[in-house]
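In what follows, a single structure is set out as structure tokens and then discussed.
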Amino acid sequence: MQMEKRRAVVSVVGKDQVGIIASVTKILAENQVNVLDISQTILQDFFTMMMVVDVSEIENLHSLQKQFDELGDKIGQKINIQQEEIFQSMHRI
1 MQMEKRRAVV SVVGKDQVGI IASVTKILAE NQVNVLDISQ TILQDFFTMM
51 MVVDVSEIEN LHSLQKQFDE LGDKIGQKIN IQQEEIFQSM HRI
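Positions 1 to 93 (the UniProt record's numbering) are the ones given, in order, by the sequence shown.
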């Protein structure tokens with residue numbers, strides 16, 4: 001029997017530049033996190049990306065968030081990861 005997937009939402013916002021998707025997905029791959037869905041847009045000079053990822057293999061998201069914080073500081077992006085349920089409850093109208 002397959003365990004139900006635990007999903008999380010990754011959001012990335014900042015000034016557009018080369019290599020944003022590559023650097024974010026590199027951290028996900030190094031942590032055995034699979035990207036299930038991805039959407040990215042550039043609004044004028046601003047890059048925005050949302051990803052739904054499979055975090056079934058991750059105990060807690062703090063380690064990933066710490067890696068994203070370090071990367072975000074380095075490349076000038078705000079990167080967040082939240083469990084899908086928390087994200088959905090925060091964005092309900």
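Built from N, CA and C at the ideal position, the CB exists for glycine as well. If you're wondering where the values come from, they're calculated on a predicted model, not measured in any experiment.
- At a Cβ-Cβ threshold of 7 Å, LYS15 and GLY76 count as neighbours.
- Within a 10 Å sphere around the beta-carbon of LEU36 sit fewer than 16 other beta-carbons, which makes this residue exposed.
- With contacts defined by Cβ atoms closer than 7 Å, SER63 and ARG6 do not form a contacting pair.
- Here the alpha carbon of PHE68 sits roughly 20 Å from the alpha carbon of ILE42.
- Note on GLY72: 16 or more other CB atoms within 10 angstroms of its CB, so buried under the neighbour-count rule.
- Contact annotation, VAL12 with ILE79: C-beta distance approximately 5 Å; criterion of less than 8 Å satisfied.
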